[in-house]
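In my numbering, the protein residues as written are 21 to 394.
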């Protein structure tokens, strides 16, 4: 592996510094809200104001301005870096299906992790009452739509794509850990990290952030809708309660077997959908590159200019960033990943603000666990 100097001087350091500033602002708003900053307003008004401050200001506007100023780029360049490109209808459908599958993954991982922390005596707080139709509509906006766009912009956009030259795999893992910790809740941190890793690979494989935004939205939307139906539909509530009761009362051997079979099916379906997403994005670019190779320089002739295989390979790699040198591929996922010949070997100082962000998020998250033990 060849190592390079940073393409934009101190970009890793600056990106994590920007993230830290946004994180601190995020925590500040959370603390202010907990201290009653918005007391006296209606619940819907509080949700809208709070989500606007948290999502729009702290996680979108603030980091966007800081990134553009500190790295001296225009907003349009930042959006291109974050892979905000047009997608077709088929990609939207595949992304919606991925969102449904990943919601099931979220339920399974959260149930497993919550069961573990419950064994240690953790008890989460109760709900805030029945969700009304007005609250449901408000939460679709504040808990599904805004977080899907703003949180993906920050994590799968600026944080992941802004530091991808340290290596895509490393950038995905780091951005996913930050994504999990920014929830500041022991109940959500584990499944959020798992979800973040999968969404990270979805955004990189498709070279587009919109599938990640759609998946995030669908996951949150289903969760909100499930809560609304549980609160307002007795038949649905009884059905879900009976399903969970049946699972908890299941024979241990059958439960383990069901989990194994279910996990295999989920992985298989997830693989098929990722394959479809890949085919619908990257394969089309490969076809365009090959067509260009065979017709370039002689567009009016019926007899195309034929290039040798190595020239076509170079053209395809340069156009699509695919790695066609299969001997250099270390694991199957790299077949679908953009080609990355050279990696920036980050220094310890580049990670200062990343480490501080992780420590801050970890301290607060562990505090929520301790609080749940009391």
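The beta carbon of each residue, even a glycine, is placed where N, CA and C say it ideally should be. Note that the structure is a prediction, hence the values are computed from the model and not measured.
### Message
Nearest by alpha-carbon distance to residue 27: which of 387, 363 and 379 is it?
### Response
Within the chain shown, numbered from 1, the residue matching residue 27 stands at position 7. Residue nearest to residue 27 within the set 387, 363 and 379 is 363 (criterion: CA-CA distance).
### Query
So, do the segment 378-394 and the segment 203-221 have three or more beta carbon pairs nearer to each other than 8 Å?
Segments in contact, yes.
### Task
Kindly identify the DSSP beta-bridge partner or partners of residue 231.
Translated into positions along the chain shown, residue 231 becomes position 211. Bridge partners of residue 231: none, in fact.
### Query
So, are the CB atoms of residue 290 and residue 121 less than 7 Å apart?
Mapped onto the chain shown, residue 290 falls at position 270. Mapped onto the chain shown, residue 121 falls at position 101. For residue 290 and residue 121, yes; Cβs fall inside 7 Å.
### Query
By Cβ distance, which residues of its chain are closer than 7 Å to residue 29, with the 5 residues on each side in sequence left out?
For the purposes of this step, residue 29 is identified with residue 9 of the chain shown, where counting begins at 1. Apart from sequence neighbours up to five positions away, no residue of its chain approaches residue 29 with a beta-carbon distance below 7 Å.
### Query
Do residue 183 and residue 32 have their CB atoms nearer than 7 Å?
One-based indexing of the chain shown puts residue 183 at position 163. One-based indexing of the chain shown puts residue 32 at position 12. Yes.
### Query
For residue 256, which residues of its own chain have a beta-carbon under 7 Å away from its beta-carbon, when the five flanking residues on both sides are left out?
For this step, residue 256 is matched to residue 236 along the chain shown. Excluding positions up to five away in sequence, the list reads 249 and 250.
### Task
Look at residue 380 and residue 142 and say whether their C-beta atoms are less than 7 Å apart.
Here residue 380 corresponds to residue number 360 of the chain shown, with the count starting at 1. Here residue 142 corresponds to residue number 122 of the chain shown, with the count starting at 1. Their beta carbons are not under 7 Å apart, which means residue 380 does not touch residue 142 by this criterion.
### Query
Can residue 171 and residue 79 be called in contact, C-beta distance under 7 Å?
As a first step, residue 171 is located in the chain shown; it is residue number 151 there, counting from the start. As a first step, residue 79 is located in the chain shown; it is residue number 59 there, counting from the start. For residue 171 and residue 79, yes; Cβs fall inside 7 Å.
### Message
Let me check understanding here. Comparing Cα to Cα, which of 60, 287 and 85 lies closest to residue 3?
### Response
One cannot answer for residue 3 here, as it falls past the ends of the chain, which runs 21 to 394.
### Query
From which residue to which residue does the alpha helix (DSSP H) around residue 73 run?
On the chain shown, position 53 is the one that residue 73 refers to. Neither: residue 73 is in no alpha helix (DSSP H) and is coded neither H nor E.
### Task
Could you name the residues of the same chain whose beta carbon sits closer than 8 Å to that of residue 154, not counting the 5 residues immediately before and after it, in chain order?
As a position in the chain shown, residue 154 is number 134, starting the count at 1. Around residue 154: 64.
### Task
Mark residue 181 as exposed unless 16 or more other C-beta atoms lie within 10 angstroms of its C-beta, in which case mark it buried.
As a working note, residue 181 is residue 161 in the chain shown. Using a 10 angstroms sphere on the CB of residue 181, the tally of other CB atoms reaches 16 or more, which defines it as buried.
### Selection from 50, 160 and 276 that minimises the alpha carbon distance to residue 236
Your numbering for residue 236 matches position 216 in the chain shown. Of the residues 50, 160 and 276, the one whose Cα lies closest to the Cα of residue 236 is 160.
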